[in-house]
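A.B. asks: Shown below is the structure under consideration.
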Amino acid sequence: MTACAIEGGTAGAATAADPGPDTAGPGPDGPGVAEETGEAMEPGGVGEPAGAGEPVGAASHAPATAHAPDVPHAPDVLTLTSDGAYGARLTAAPAPPGGQRAWYPERWTLDGPEPYAVPLPLNQPEEPDAQVVPLADGRVLIRRRVADRQAFSLLYPTGPATGELALGAVECERMVLLPPSPDGRSVYGLSAGDHSSLLWLVAGGSFGPELVAEVPGHCSGGVWLDRAGRMLALDRRPPGGGPVKAVAVDLERNGEVTPLLQIAPASDDRLLLADADSGLLLIRSNAPGHDRLGWGVLGSCLPVRFPECLRPADVAVTPFAVQPGQMLMPESCAVALRVDGPAGSWVGIWRPQGRRLHQFAAPEGWSAGAGFWSRDGVLHLPYANASTPCGVALLVAPGDEEPPPEAGGTAADEQTAAVAPPAVCKPVPLGQAPLHRVASTD
């Protein structure tokens, strides 16, 4: 393992967006929308799905856009199991001059003393539009498009070779695998149409791929709402058009659908992440008048907040992991965010109670948007580069104490620093990492 330190500066040093004042007032959509410096959703906008007896939600370890049915799944995207023990991606060696890259699956083992990758090539290279998902037992599910069918197999290492267990196929033109189920053994695929969307259990069933639900409307996204893999949230556009609303699908009640997000009647309300212990939800909605990133609590009557610090200028911010273990304490959960700007991608860390976005450089070769939290607040960021084929950088979540003002500093200076890309992140051996300095920084 390695720890993330800033080359030429204090280890873990971060910039932070100015939280600004914490005020409330009427917003553009009426009395139900107010400012935090941002907006708040009217009470009752976050529903509790039928069949849920307690705050539920499991962290998803990849940006929701990576799983939208209308967006092709990009190779080299690392997908993690719900506990972060394994990862899987399509990768390829550099192509010869004038040749094509030969793609093959690769499994990462991340829960041991040192991370390592195992290539899983077969007799012929994979197509770049194939998709892989790791299981908790170390096997990797692969989805391949073969003519007008989606074929599924389980891959696993067998000495120097790769074993393959064919699971069957589904006749459909398009399908996207959803994030791994929290139960560790099931994988679902979503085939979305204009009028209805089909949800398939493609791994973990008894007789190959099984149709488990047909949801009216066009669905995308995919966030697990419990640790048992029963409740799944999807972003649904109704048949015939209309706003996108997150709904909960109960897989033990034949795909029963119940409303989950209703912020404003005409707003698009999508669920990006959920956490089981705290009930924290990360939401993207245009209820404030334009797309904003906000947070709420499952089943709570409190409004959804849209913090101003989560919309820094000239960058896009997408959450990808929530700190587990914060039982009934959603405000204290550390949230990891991918920050994309003209200079590339880096890492943001934010807590609802802190109202500040801390920004850190990512390790070289970070699989952007991939990572998971330990319960004690350490963020694990997997990466691969020329010198390290499989590595994990550790980043300790900073506190939210107000930093001392710098001489001659202005509010404008703070805002400029907050959106600038951080310095290059240099992984160092864990024994040499000055983590005590990280914990006290910022």
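Residue numbering for the sequence shown follows our numbering, beginning at -16 and increasing consecutively.
No residue lacks a Cβ here, since even glycine has one placed at the ideal position from N, Cα and C.
#1: Given this structure, state the Cα-to-Cα distance separating residue 130 from residue 152, to the nearest angstrom.
#2: State the beta-bridge partners of residue 126 as determined by DSSP.
#3: Cutting at 7 angstroms between CB atoms, please list the residues of its own chain near residue 251, excluding the five before and the five after it.
#4: Measuring straight from C-alpha to C-alpha, what distance separates residue 354 and residue 294?
#5: Taking C-beta to C-beta, are residue 196 and residue 182 nearer than 7 angstroms?
#6: In the DSSP assignment, find the beta strand (DSSP E) that holds residue 202 and state where it starts and stops.
#7: Indicate the three-state DSSP secondary structure (helix, strand or coil) for residue 293 in the structure shown.
#8: Restricting to Cα atoms, I'd like to know which of 370, 349, 383 and 253 is closest to residue 376.
#9: Which ranges would you report for the beta strand (DSSP E) in the segment 181 to 238 if only whole runs of at least 3 residues count?
#10: Would you check if there are 3 or more beta carbon pairs closer than 8 angstroms linking the segment 185 to 193 to the segment 230 to 238?
#11: Note down the Cα distance separating residue 243 from residue 224, rounded to an integer number of angstroms.
#12: With three or more beta-carbon pairs closer than 8 angstroms as the criterion, would you say the segment 308 to 320 touches the segment 255 to 262?
#13: Using a Cβ distance threshold of 8 angstroms, determine whether the segment 137 to 150 contacts the segment 162 to 171, with at least three qualifying pairs required.
#14: Leaving out five residues before and five after residue 312 in sequence, what residues of the same chain have Cβ atoms less than 6 angstroms from its Cβ?
#15: Can you tell me whether residue 364 is buried or exposed, with buried defined as 16 or more other CB within 10 angstroms of its CB?
#16: Using DSSP with H/G/I as helix, E/B as strand and the rest coil, what is residue 314?
#17: In terms of alpha-carbon separation, which member of 298, 97 and 336 lies closest to residue 324?
#18: Quick check on residue 79: buried or exposed, where buried means 16 or more other Cβ atoms within 10 Å of its Cβ?
#19: Assuming contact is defined by CB atoms lying nearer than 7 angstroms, are residue 76 and residue 115 in contact in what I supplied?
#20: Nearest CA to the CA of residue 272: which residue from 302, 310, 289 and 135?
#21: Under DSSP, the beta strand (DSSP E) around residue 339 begins and ends at which residues?
#22: To the nearest angstrom, how far is the alpha carbon of residue 111 from that of residue 58?
#23: Measure the C-alpha to C-alpha separation of residue 125 and residue 374 and round it to an integer number of angstroms.
#24: Please list, in chain order, all residues of the same chain as residue 238 whose beta carbon is under 8 angstroms from its beta carbon, the five residues on each side excluded.
#25: When we look at the beta-carbon of residue 201 and count the other beta-carbons within 10 Å, is it buried (16 or more) or exposed?
#26: Is it buried or exposed for residue 133, if we count other Cβ within 10 angstroms and need 16 for buried?
#27: So, residue 32 versus residue 241, is the Cβ gap smaller than 7 angstroms?
#28: Flag this pair as yes or no: are the beta carbons of residue 64 and residue 117 separated by less than 7 angstroms?
#29: Beta strand (DSSP E) containing residue 371: first to last residue?
#30: With DSSP as the reference, label residue 323 as helix, strand or coil.
#31: Using CA coordinates, which residue listed in 277, 178, 160 and 320 is at the minimum distance from residue 344?
#32: Should residue 277 go down as buried or exposed, given a rule of 16 or more other Cβ atoms within 10 Å for buried?
#33: Relative to the C-alpha of residue 60, which residue among 83, 87 and 66 is closest?
C.D. replies: Taking the geometry as given:
#1: C-alpha separation (whole angstroms): 11 angstroms.
#2: According to DSSP, which records beta bridges pairwise, residue 126 is partnered with 114 and 135.
#3: Same-chain partners within the cutoff: 226, 227, 268 and 269.
#4: Computed Cα separation, rounded: 21 angstroms.
#5: At a Cβ-Cβ threshold of 7 angstroms, residue 196 and residue 182 count as neighbours.
#6: Boundaries of the beta strand (DSSP E) around residue 202: 201 to 207.
#7: In the structure shown, residue 293 sits in a helix (DSSP, three-state: H, G or I).
#8: Ranking the options by Cα distance to residue 376, first place goes to 349.
#9: Every unbroken stretch of the beta strand (DSSP E) spanning 3 or more residues and falling wholly within the segment 181 to 238 is given here in chain order: 193 to 199, 201 to 207, 214 to 220 and 228 to 233.
#10: Result no; under three Cβ-Cβ pairs closer than 8 angstroms.
#11: Approximately 18 angstroms between the Cα atoms of the pair.
#12: Segments in contact, yes.
#13: Verdict: no, contact absent.
#14: Closer than 6 angstroms at Cβ, skipping near neighbours: 261.
#15: By the Cβ-count criterion, residue 364 is buried, with 16 or more other Cβ atoms from all chains shown falling within 10 Å of its own Cβ.
#16: Three-state result, residue 314: helix.
#17: Out of 298, 97 and 336, 298 has the C-alpha closest to the C-alpha of residue 324.
#18: With fewer than 16 Cβ atoms within 10 Å of its Cβ, residue 79 is classed as exposed.
#19: Cβ atoms of residue 76 and residue 115: not closer than 7 angstroms.
#20: A check of alpha carbon separations from residue 272 across 302, 310, 289 and 135 identifies 289 as the nearest.
#21: Residue 339: not part of any beta strand (DSSP E); DSSP gives it neither H nor E.
#22: Approximately 6 angstroms, taken between the alpha carbons.
#23: Using only the alpha carbons, I get a separation of about 23 angstroms.
#24: Excluding positions up to five away in sequence, the list reads 182, 195, 196, 197, 198 and 232.
#25: With 16 or more Cβ atoms within 10 Å of its Cβ, residue 201 is classed as buried.
#26: Around the beta carbon of residue 133, 16 or more other beta carbons sit within 10 angstroms, so the residue counts as buried.
#27: Yes, these two residues count as a Cβ contact at 7 angstroms.
#28: Against a cut-off of 7 angstroms, the Cβ pair of residue 117 and residue 64 comes out as a contact.
#29: Unbroken run through residue 371: none, as it is neither H nor E.
#30: The three-state secondary structure of residue 323, taken from DSSP, is strand.
#31: When each option's Cα is compared against that of residue 344, the closest is 320.
#32: When all chains shown are included, residue 277 counts as buried.
#33: Checked all of 83, 87 and 66; the closest Cα to residue 60 is 87.
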